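Input: a single structure, listed below in structure tokens.
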Amino acid sequence: MLPSPRRPLYHWLDPLWSRFPFPVTASFEAGGFQGMRTFRMSRRFLGREILPVWCYAVGDTLVDTGLPSLAGPIGDFARESRIGRALLTHHHEDHSGNAALLARRGVEIVAGPLAAPLLRLDLPARFYQHFLWGKAEPCAATPALETVPIGRYEARVVHAPGHSVDQVAYFVAEEGWLFTGDAFLAEKVKVFRKDEDFATTTDTVERFLRLDFDALLCAHRPRFEKGKESLRVKLQWMREVEGLVRRWRSEGAEVREIVRRLGFSKATRNYWLTFGDVTAGNMVRSILHGPTPRPEVVEALGGPHGR
526 MLPSPRRPLY
536 HWLDPLWSRF
546 PFPVTASFEA
556 GGFQGMRTFR
566 MSRRFLGREI
576 LPVWCYAVGD
586 TLVDTGLPSL
596 AGPIGDFARE
606 SRIGRALLTH
616 HHEDHSGNAA
626 LLARRGVEIV
636 AGPLAAPLLR
646 LDLPARFYQH
656 FLWGKAEPCA
666 ATPALETVPI
676 GRYEARVVHA
686 PGHSVDQVAY
696 FVAEEGWLFT
706 GDAFLAEKVK
716 VFRKDEDFAT
726 TTDTVERFLR
736 LDFDALLCAH
746 RPRFEKGKES
756 LRVKLQWMRE
766 VEGLVRRWRS
776 EGAEVREIVR
786 RLGFSKATRN
796 YWLTFGDVTA
806 GNMVRSILHG
816 PTPRPEVVEA
826 LGGPHGR
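Take the sequence shown: its position 58, counted from the start at 1, is 583 in the working numbering, and no numbers get skipped.
This is how it looks when you write it as structure tokens:
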């Protein structure tokens, strides 16, 4: 069957990659921070670690559920620690990867109002998503309200789109903790997925900076101290990059030339496995024209969602 004009190639290849035996191993490390448990996990290929993922446990509550390929240790911890609730920051498989497993064991899955309808679906994944993380099973989720329980605390649910339209963060004011999903990633991000929105990411960072926190509990590169300062650096970086991109575009530079002038060409080469879904050029295009939404997400939500 050939792909239709409305369906990208990865929609048709997804079932194949779901069955493919990728030659990877997995690593899992448990730790702690200010009374919570932390979990750092990743896959390894030829001995090299591939983009570690973190999730966190506060009392009986998990924040994100980790890689589907690490179901064993996450499931064991959830059972031994009597986890009763999992808060998801967004629907991507490195965050929702074990939600279905936990739901089958009676754990309540809570997610943002736009994430819940996406989590119910068997959304197609690209090759690199299968390779890096594995694919998440669909599951039902309770839409998060303005606040949600997190262990013995109450967390404020913070609208945090940009990396994905459905993303939320969880802010525990009492301890100064901000669980950000993929809203941070790093101080100086040089590549974007095609569907990432630069403008709403900037809005989200500005929204975070109005909160009183110190620990920035990112799902890939946490900043356990001085997290707010890391976000200030990120915001300044984004504003500088946006200014350069718009100036050079006004002078007639094309996207490839802008990427070269920014010095981001190597960053794109490091993500060759994504076959163009994660590039520096996507960030430039997002600045100039906005994101390119994934059709399955638009269909599931009944249209594109922005700010």
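Built from N, CA and C at the ideal position, the CB exists for glycine as well.
Small disclaimer: the values here were computed from a predicted structure and weren't measured.
Assuming W542 and F723 are in contact, meaning their beta carbons sit under 8 angstroms apart, how far apart are those beta carbons, in whole angstroms?
Residue 542 sits at position 17 when you count from the first residue of the sequence shown. Residue 723 sits at position 198 when you count from the first residue of the sequence shown. Going by Cβ atoms, the distance from W542 to F723 rounds to 29 angstroms, so no, they are not a contact pair.
E893 and K753: beta carbons closer than 9 angstroms?
What is shown of the chain runs 526 to 832, which leaves residue 893 out entirely.
Work out the CA separation of G631 and G687 for me, nearest whole Å.
The sequence position of residue 687 within the sequence shown is 162, counting from 1. The sequence position of residue 631 within the sequence shown is 106, counting from 1. Distance between the alpha carbons of G687 and G631: 31 angstroms.
Residues bridged to F789 by DSSP?
As a first step, residue 789 must be located in the sequence shown, where it is residue number 264. The partner list for F789 (beta bridge, DSSP) is empty, contrary to what the question assumes.
Give the single residue among E721, T727, D802 and L648 whose Cα lies nearest to the Cα of D539.
Here the question's residue 539 lines up with position 14 in the sequence shown. Checking every option, the nearest Cα to that of D539 belongs to L648.
Can you grab the Cα-Cα spacing for the pair L527 / A740, in whole Å?
As a working note, residue 527 is residue 2 in the sequence shown. As a working note, residue 740 is residue 215 in the sequence shown. Per-residue confidence for L527 stands at a pLDDT of 35, beneath the threshold of 50, marking its modelled position as unreliable; no derived number is given.
Quick one: Cα of F738 to Cα of H536, how far?
Locating residue 738 in the sequence shown gives position 213, where the first residue counts as 1. Locating residue 536 in the sequence shown gives position 11, where the first residue counts as 1. When rounded, the distance between both Cα atoms is 40 angstroms.
In the DSSP assignment, the alpha helix (DSSP H) including F564 goes from what residue to what residue?
One-based indexing of the sequence shown puts residue 564 at position 39. Note, F564: premise wrong, no alpha helix (DSSP H); beta strand (DSSP E) at M561 to F570.
Just reading off the beta strand (DSSP E) that W702 is part of, what are its end residues?
As a first step, residue 702 must be located in the sequence shown, where it is residue number 177. Looking at the DSSP string, the run of the beta strand (DSSP E) that includes W702 is W702 to G706.
Once you ignore the five residues that flank T672 on each side, which residues in its own chain have a CB closer than 7 angstroms to its CB?
The residue given as residue 672 occupies position 147 in the sequence shown. Around T672: E679, A680, R681 and V682.
DSSP three-state label for M526, please.
Residue mapping note: residue 526 aligns to position 1 of the sequence shown, counting from 1. Unreliable positioning characterises M526 in this predicted model, as indicated by a pLDDT of 34, which lies under 50. The coordinate reading is nonetheless provided below. Coil, per DSSP.
Rounded C-beta distance between I634 and T586? I'm assuming under 8 angstroms.
Sequence index remark: in the sequence shown, residue 634 carries index 109 (1-based). Sequence index remark: in the sequence shown, residue 586 carries index 61 (1-based). With a Cβ gap of about 11 angstroms, I634 and T586 do not count as contacting.
So what's A825 in DSSP terms, helix, strand or just coil?
To locate residue 825, count along the sequence shown from 1; it is residue 300. The answer is helix: DSSP assigns A825 an H, G or I state.
Let me confirm a value: A555 is counted as buried when at least 16 other C-beta atoms fall within 10 Å, else exposed. Which label applies?
On the sequence shown, position 30 is the one that residue 555 refers to. It is exposed - the Cβ of A555 has fewer than 16 other Cβ atoms within 10 Å.
Between P598 and E662, is the Cβ-Cβ spacing less than 9 angstroms?
As a working note, residue 598 is residue 73 in the sequence shown. As a working note, residue 662 is residue 137 in the sequence shown. No, these two residues do not count as a Cβ contact at 9 angstroms.
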